[in-house]
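Chains L and H supply the protein sequences, listed in that same order.
Just so we're aligned: the first sequence equals residues 80 to 651 in this note's numbering.
Just so we're aligned: the second sequence equals residues 195 to 382 in this note's numbering.
Worksheet for the structure shown next.
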Amino acid sequence: MTTATPPPVAPTGDHHSLAIVLFAVVVLVTLGVTLWVGRRGNAAEDFYAGGRDFTPLQNGFALSGDYLSAASFLGVAGLIALYGYDGVLYSIGFLVAWLVVLMLVAELVRNAGRYTLADVLALRLRRRRVRAAAGGASVVVTLLYLVAQMVGAGSLVALLLGTNSPHARTWTIIAVGALMVVYVTIGGMRATTWIQIIKAVLLTAGSVLLTVLLVVRFHGDLGELMRQAAQHSGAGHRYLEPGLKYGASFTSRLDFFSLGLALVLGTAGLPHILSRFYTVPTARAARRSTMWAIGLVGGFYLMAIALGLGATALVGSAEVRHANSAGNTAVPLLALVLGGGNGSTGGVVLFALISAIAFATILAVVAGLTLASSAAFAHDIWAGAWRNRPRRERARSLRDRLRRRSAEALPAARSADEPGPGAAEQQEVVVARIAAGGIGAAAIVISLYAQQLNVAFLVGLAFAVAASSNLPVLLYTLFWSRFTARGAVWSVYGGLVPAMVLVFFSPVVSGSKAALFPGVDFHWFPLENPGIISIPLGFLAGWIGTVTSPEPADADRFAELEVRALTGAGAA
Amino acid sequence: MPQQQTSSPGQGQRFDWWAAPAAASASEEVAVPRRTAVPAQPMPTRTAAAQPAAAPEPVAAPPAVSAAAPAVVPQEPPAPASATDSTEVYRAVQASAAFQDIRRSYRLFVLPIAGVFLSWYLMYVAAQAAAPALMRTRVAGPFNVAWLLGLSQFLSTFLLTWLYARNARTKRDRAALGLRWDTQDQLR
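The structure is reproduced here in structure tokens:
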């Protein structure tokens, strides 16, 4: 612990007042964008899919904006600052996961669906319970993710503003929740996408700026950066080796494997990522936006590694841990040092700037999640499963076909035919807006209650649930010709229920110091992340449900899905 | 906001050479642009394979439909007929050689590669748990095996992204686009 490093960075008042001003600017700009963009178009296509006219580059930035949460920006760099190589290991799963999205999911989902994940399943398995199951799983995943972000936001903003009082945290959670509901209800997908783009540009620019300053500081010698980091980490060369965080016992290493599995498979099941692909016009544009996202996310994590090492080298692990035990303030502290240290104008400006970027990140990610969650509720559960009687689905496809035919044969008849589906969709959008308010309120309440939970754990859990309940059913639907409706329902619940049950009986909920109920101990599952069990169970349940299904698979529907998914015929 | 200008749909179409017909079809089912796309469609084998299969249906089912549908536009009756109609089209396209080619080239590329990168990643994560000593071996300067494997995960991800995009662009895109307009023509 001989931190021969310069700054004892006990935050003082001056750089926080500038940070508050910049936070206000972020809020005003995003609200302005929401009001400006939200006026354009009120149709379901505008609300759910932003009018489908974004370019691949724009959507690539928006995808990376949706994906790189504050947990990534501050959390991963903080983990690297504290645990060195083990933090790097954590970040890689987040990147490799995009290959699953790119190759197996993005284009097919874009072609086969309209607004949500459940649309893809419904194209083939026209059952209300399939839609209800997939919609419900989407709501659970997004809500878990949302709570993780808001809990993180509460402690983070309080920290960045220099007041660690519980009141500040509570009011931050409420304010962030209120803002995200405003963004989504007024602006829909279009405003949310623009907020993501602004945030992703800011985040990339901020990371590049810090990385350049850091590399200049070390005269481009990255080996020297690593040596200095190891020297100031308090762990010596072990800092650069695996095992500092995840190596204590075999159980903890297995736990990390479980987390790694959840990370790499979960991304392709995240509803707010999948619904992004509907904002571009074609499958090819979806592919190109995924490529942009991979470039941006990969570049970001490479920079995060450098910044985490830099924080250790220049600030020191002990200081980072002292400011926040999870390392969340490593990057702002590094900014303070790179700008010239505490008290200097450059340091204050850079600290405030990075804090404001982190705040913009939080706002953008929660807005994207709220939108995906309300879409899953309104489009899948309410309109698809609850309001829709079985007849309805047929009626809709008939209506589409009629519209197509009348467009050809009787152009005048189209306008008369329009109000029917238009009114139904309009009603659906109203429900989605109300749902956004309800989901926002629920997220606020849960977050206030769950403030003690570890943010990284909550994110890992959201990924595990997405990988267990959403990914198996999606892959089976797209690739397995014999898959049936029963298989789909079993697959969703067969992944969702074990994941939740295992977490309930894990050391996270009871039986450890940091548990949700520290007083009691009813845990029997040793791991914190259920992925290693629940993901195979999701796949297994889908398979068993299919082979025991009394009705055979509908080959006609699979033909339609396959042709539409691979060629884009009839894509929305 | 400087970003506002870049959102103009015009730029999107400049970016993406098949966004234009797709955008038209998304906004409303306009027949004209698709008609023009069909002659450019460079797959003679497909037409040969699909047409014999698709041709019989219009004779079998639709006479009633095509006669009834325009007349009874807002009513329910034509529903079952037009549903089977589109089903037959999709079945015919699915059975066509052109579609089988597209699907084969997609699956032959994607499924093995997915297996490779998933097992490569999981091996890397498992090495953590199973062989920590090996991971600690120094290679050069401060770099050890673990760092090299970690950084090569970044490299392999970028490389596979590029390979996949190239494969899709050169092997699938053109054929899939041709088949798309053709299928939509048959559906109308």
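All residues carry an ideal CB built from backbone N, CA and C; glycine is no exception.
Model, not experiment: these values are computed from the prediction.
Taking a contact to mean a Cβ-Cβ separation below 8 Å, would you say L:G610 touches L:S547 in this structure? Sequence index remark: in the first sequence, residue 610 of chain L carries index 531 (1-based). Sequence index remark: in the first sequence, residue 547 of chain L carries index 468 (1-based). Contact flag set, yes.
What are the residues in the region 321-339 of chain L lying within 8 Å of chain H by C-beta distance? P321, G322, Y325, G326, F329, R332, L333, F335, F336 and G339
Let me confirm a value: H:G204 is counted as buried when at least 16 other C-beta atoms fall within 10 Å, else exposed. Which label applies? On the second sequence, position 10 is the one that residue 204 of chain H refers to. Only weak support exists for where H:G204 lies, its pLDDT of 38 falling under 50; the coordinates are left without a value.
Can you list, in chain order, the residues of its chain whose CB lies under 6 Å from that of L:L550, leaving out five sequence neighbours each side? Counted from its first residue, the first sequence places residue 550 of chain L at position 471. Answer for L:L550: L344, A347 and G348, listed in chain order.
Between L:Y564 and L:F583, what straight-line distance do the alpha-carbon atoms span, to the nearest angstrom? Position 485 of the first sequence holds residue 564 of chain L. Position 504 of the first sequence holds residue 583 of chain L. It should be noted that the sequence gives Ala, not Tyr, for residue 564 of chain L. Roughly 29 Å separates the two Cα atoms.
Where does H:F337 sit, in a helix, a strand or coil, going by DSSP? For the purposes of this step, residue 337 of chain H is taken as the residue at position 143 of the second sequence. The DSSP-derived three-state label of H:F337 is strand.
Determine the chain H residues that contact L:T646 at a beta-carbon separation under 8 Å, and present them in chain order. On the first sequence, position 567 is the one that residue 646 of chain L refers to. V287, F293, I296, A370, L371, L373, R374 and T377, listed in chain order.
Short CB-CB distance (under 8 Å) between H:V333 and chain B: Any reference to chain B falls outside this structure, whose protein chains are L and H.
Paired residues, beta bridge with L:S589 - DSSP: By one-based count along the first sequence, residue 589 of chain L stands at place 510. Answer is L:F596.
Those residues which DSSP pairs with H:R332 across a bridge: Counted from its first residue, the second sequence places residue 332 of chain H at position 138. Answer is H:N338, bridged to H:R332.
Helix, strand or coil at L:K324 [DSSP, three-state]: Translated into the one-based positions of the first sequence, residue 324 of chain L becomes position 245. Looking at L:K324 - three-state DSSP - the assignment turns out to be coil, as it is neither helix nor strand.
Name the two residues that bound the continuous alpha helix (DSSP H) containing L:S331. Your numbering for residue 331 of chain L matches position 252 in the first sequence. F329 to G345 is the span of the alpha helix (DSSP H), which, as asked, contains L:S331.
Beta-carbon gap between L:V552 and L:L289 smaller than 8 Å: One-based indexing of the first sequence puts residue 552 of chain L at position 473. One-based indexing of the first sequence puts residue 289 of chain L at position 210. It is not a contact, given that the beta carbons lie outside the stated cut-off.
Hey, is L:R367 close to the ligand ZN, as in C-beta under 7 Å from one of its heavy atoms? Summarising the ligand content, the structure contains no ligands, and the ligand ZN is consequently not present.
Based on Cα-Cα distance, which residue from L:S312, L:Y224 and L:M382 lies nearest to L:L301? In the first sequence, the residue the question calls residue 301 of chain L occupies position 222. Minimum Cα distance to L:L301 is reached at L:M382.
Within 10 Å of its beta-carbon, does L:H246 have 16 or more other beta-carbons around it, so buried, or fewer, so exposed? If you number the first sequence from 1, residue 246 of chain L lands on position 167. With fewer than 16 other Cβ atoms within 10 Å, it is exposed.
For the alpha helix (DSSP H) that H:R298 lies in, which residues bound it at each end? Within the second sequence, the letter at position 104 stands for residue 298 of chain H. First-last of the alpha helix (DSSP H) with H:R298: A291 to A324.
Answer yes or no: does any C-beta atom of chain L fall closer than 8 Å to that of H:G309? The count along the second sequence starts at 1 and reaches residue 309 of chain H at position 115. Cβ-Cβ to chain L under 8 Å: no for H:G309.
Count Cβ pairs between the region 150-164 of chain L and the region 533-540 of chain L that sit closer than 8 Å; are there 3 or more? yes
Can you find a C-beta in chain L that's less than 8 Å from the C-beta of H:M329? Position 135 of the second sequence holds residue 329 of chain H. By this cut-off, H:M329 is an interface position.
Relative to the C-alpha of L:V105, which candidate in L:T440, L:R210, L:Y528 and L:A632 has its C-alpha closest? Here residue 105 of chain L refers to the residue found at position 26 when the first sequence is read from its first residue. Ranking L:T440, L:R210, L:Y528 and L:A632 by Cα distance to L:V105 puts L:T440 first.
C-alpha gap between H:V333 and H:A340, whole angstroms: In the second sequence, counting from the first residue as 1, residue 333 of chain H sits at position 139. In the second sequence, counting from the first residue as 1, residue 340 of chain H sits at position 146. When rounded, the distance between both Cα atoms is 10 Å.
Would you call L:L606 buried or exposed, if buried means 16 or more other Cβ atoms sit within 10 Å of its Cβ? Reading the first sequence from its first residue, position 527 is the one you call residue 606 of chain L. Its Cβ being crowded by 16 or more others within 10 Å, L:L606 is buried.
How is the alpha helix (DSSP H) around L:K278 delimited, first residue to last? Counting from 1 along the first sequence, the entry for residue 278 of chain L is found at position 199. Run containing L:K278: G267 to R296, per the alpha helix (DSSP H) assignment.
In whole angstroms, give me the CA-to-CA distance for L:G406 and L:G157. Indexing the first sequence from 1 puts residue 406 of chain L at position 327. Indexing the first sequence from 1 puts residue 157 of chain L at position 78. Answer to the nearest angstrom: the Cα atoms are 4 Å apart.
Could you tell me whether the region 328-341 of chain L touches the region 105-125 of chain L, where touching means 3 or more Cβ pairs closer than 8 Å? When C-beta atoms of the region 328-341 of chain L are compared with those of the region 105-125 of chain L, fewer than three pairs fall below 8 Å, so the two segments do not count as touching.
Of all the options H:A320, H:T331 and H:A289, which has the alpha carbon lying nearest to the alpha carbon of L:L319? For this step, residue 319 of chain L is matched to residue 240 along the first sequence. Nearest Cα to L:L319 within the set H:A320, H:T331 and H:A289: H:T331.
Listing by chain order, which chain L residues have their CB less than 9 Å from the CB of H:P180? With chain H running from 195 to 382 in the structure shown, residue 180 of chain H is simply not present.
Taking a contact to mean a Cβ-Cβ separation below 8 Å, would you say L:I171 touches H:G344 in this structure? As a first step, residue 171 of chain L is located in the first sequence; it is residue number 92 there, counting from the start. As a first step, residue 344 of chain H is located in the second sequence; it is residue number 150 there, counting from the start. Yes, Cβ-Cβ distance for L:I171 and H:G344 is below 8 Å.
Going along the chain, which residues of its own chain have a beta-carbon closer than 8 Å to the beta-carbon of L:V116, five neighbours each way excluded? As a first step, residue 116 of chain L is located in the first sequence; it is residue number 37 there, counting from the start. Within the same chain, L:V116 has close Cβ partners G266, R269, A270 and W273.
Determine contact between the region 628-642 of chain L and the region 280-287 of chain H, defined as no fewer than three beta-carbon pairs at a distance below 8 Å. yes
Helix, strand or coil at H:K365 [DSSP, three-state]: The residue given as residue 365 of chain H occupies position 171 in the second sequence. Helix at H:K365.
If you reduce the DSSP assignment to three classes, tell me which class L:L606 lands in. As a working note, residue 606 of chain L is residue 527 in the first sequence. When secondary structure is reduced to three states using DSSP, L:L606 falls in the coil class, being assigned neither helix nor strand.
Cα-Cα separation, L:V444 to L:V376: Taking the first sequence and counting its residues from 1, the one referred to as residue 444 of chain L is at position 365. Taking the first sequence and counting its residues from 1, the one referred to as residue 376 of chain L is at position 297. Cα to Cα, L:V444 sits roughly 15 Å from L:V376.
For L:Y164, the three-state DSSP class (helix, strand or coil): Against the first sequence, residue 164 of chain L aligns to sequence position 85. Three-state result, L:Y164: helix.
Residues in its own chain within less than 6 Å of L:A722 by CB, not counting five upstream and five downstream? For residue 722 of chain L there is no data in the structure shown, the boundaries of chain L being 80 and 651.
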